[in-house]
Amino acid sequence: MPEFGYHTTGNEVASHFSSQIKGKTILITGCSPSSLGAETALTLSKHSPALLVLSGPAVEVNDYAEKVDILINNAGISGGKRKLNDARIEMQFATNHIGHFLFTNLLLPKMLADGGSNSGKPRIVNLTSRGHIFSGVRWDDINLSKVSEQEYPLVGYGQSKTANILFTVGLARRFGSRGVEAYSVHPGSIWTNLMRDLTTEEMMERGWCDADRKAKDNATFNWKSIQEGVSTTMVATLDPALGKNDNGAYLADSRVEKEDVKQYALDESDAERL
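Just so you know, the working numbering puts 106 at position 102 of the sequence shown, and the rest follows in order with no gaps.
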């Protein structure tokens with residue numbers, strides 16, 4: 005097996021595990037233009053999947069649920085001003101976690117009953133971020149009403165990304181004995197439309213871009229290309245060796261990462277509480 009790492013591309017991983025794609029039905033959320041979701045779909049499409057379902061408001065999910073082998077919960081938002089959705093839930097938490105929680109629960113019973121359209125085990129991949137370090141789940145203030153306007157973008161994003169990891173831990177714990185494999189993925193720092201709600205000034209303050217809104221490296225991280233950004237998703241989606249010992253694991257840089265993840269994001273009691 006090749007040594008995957010920081011600069012591995014999604015195409016390299018997909019080519020290596022091409023047989024794991026052929027004939028599979030794969031559902032991906034968040035496939036807007038120039039996004040990680042779109043790049044994920046394009047990368048997988050080269051290796052003869054039976055069907056790629058790119059989830060959006062017009063998709064009748066029940067038409068595909070009995071056939072889904074792999075669910076990739078990729079959609080997400082970041083930053084912006086604090087606001088609540090129609091259900092009065094803080095928007096980053098609602099979009100990045102609650103939406104995927106509900107969507108996965110819609111699909112899961114039929115994935116469990118069918119066992120996937122092939123003999124392989126159903127697999128769920130949740131896109132998270134190293135940004136989970138900015139906050140655990142604030143159980144006494146889920147809507148972040150006590151957080152300052154200046155702190156909100158990172159705290160809100162951090163809380164939602166911690167929730168993605170905890171959700172993954174919970175899925176593996178609850179349904180691993182029934183064949184479900186679940187993994188959370190930090191794709192790295194990639195310049196996509198995820199930052200559309202952040203102003204140029206906010207990103208310059210963090211050292212992410214110049215005055216022309218062009219990405220630049222800093223002491224904290226180096227930007228990845230979008231192909232490098234989907235490689236870890238490809239590993240979590242396709243590597244058959246993961247299921248032996250790593251169900252519920254957090255992956256980064258195309259491999260399981262155990263050091264660079266906060267323990268509060270792996271806590272099984274908090275996963276159950278969530």
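Each residue gets a CB set at the ideal place from its N, CA and C atoms; glycine is no exception.
Between the beta-carbon of Ile32 and that of Ala45 there is about 5 Å, and that keeps the pair under the 8 Å contact cut.
In this structure, the CA atom of Ser82 is about 11 Å from the CA atom of Gln163. DSSP, read as helix, strand or coil, puts Ile25 in helix. Beta-bridge partners assigned by DSSP to Asn249: none are found.
Counting other Cβ atoms within 10 Å of its Cβ, Lys165 reaches 16 or more and is therefore classed as buried. Rounded to whole angstroms, Arg178 and Ala215 show a C-alpha spacing of 48 Å.
As the crow flies, the alpha-carbon of Val129 is around 10 Å from that of Ile169.
Rounded to the nearest angstrom, the gap between the Cα atoms of Pro191 and Lys125 is 23 Å. Sixteen is the threshold: when 16 or more other Cβ atoms of the shown chains lie within 10 Å of the Cβ of Gln96, as they do, the residue is buried. Shown here, Ala91 sits in coil according to DSSP, grouped into three states, outside any helix or strand. If only complete runs of 3 or more residues are kept, the region 73-158 shows the beta strand (DSSP E) at 74-77 and 127-131, in order along the chain.
Just so you know, the alpha carbons of Lys50 and Asp144 end up roughly 46 Å apart. Straight across, the Cα-Cα distance linking Tyr156 with Ser38 is about 26 Å.
Relative to the Cα of Leu58, the nearest Cα in the group Ser36, Ser52 and Gly84 belongs to Ser36. Between the alpha carbons of Asp90 and Ala98 lies a gap of roughly 10 Å.
Residue pairing from DSSP places Thr33 in a beta bridge opposite Ser59. Secondary structure at Leu270: coil, using DSSP grouped into helix, strand and coil. As computed with DSSP, Val239 is found in no beta bridge at all. Ser133 and Val159 have their C-alpha atoms some 13 Å from each other. Membership of Val17 in the alpha helix (DSSP H) is indicated by the continuous run Gly14 to His20. Of the residues Asn15, Ala186 and Lys71, the one whose Cα lies closest to the Cα of Lys114 is Lys71.
Collapsing the DSSP output to three states places Tyr161 in a helix. Pairing Ser193 with Lys150 gives a Cβ-Cβ distance that is not under 8 Å.
The beta carbon of Glu205 is closer than 8 Å to none in its chain, skipping five residues each way along the sequence. One Cα belongs to Ser23, the other to Pro6, and the distance between them is close to 16 Å. Distance from the CA of Gly41 to the CA of Gly34, rounded to the nearest whole angstrom, comes to 5 Å.
By the Cβ-count criterion, Leu246 is buried, with 16 or more other Cβ atoms from all chains shown falling within 10 Å of its own Cβ.
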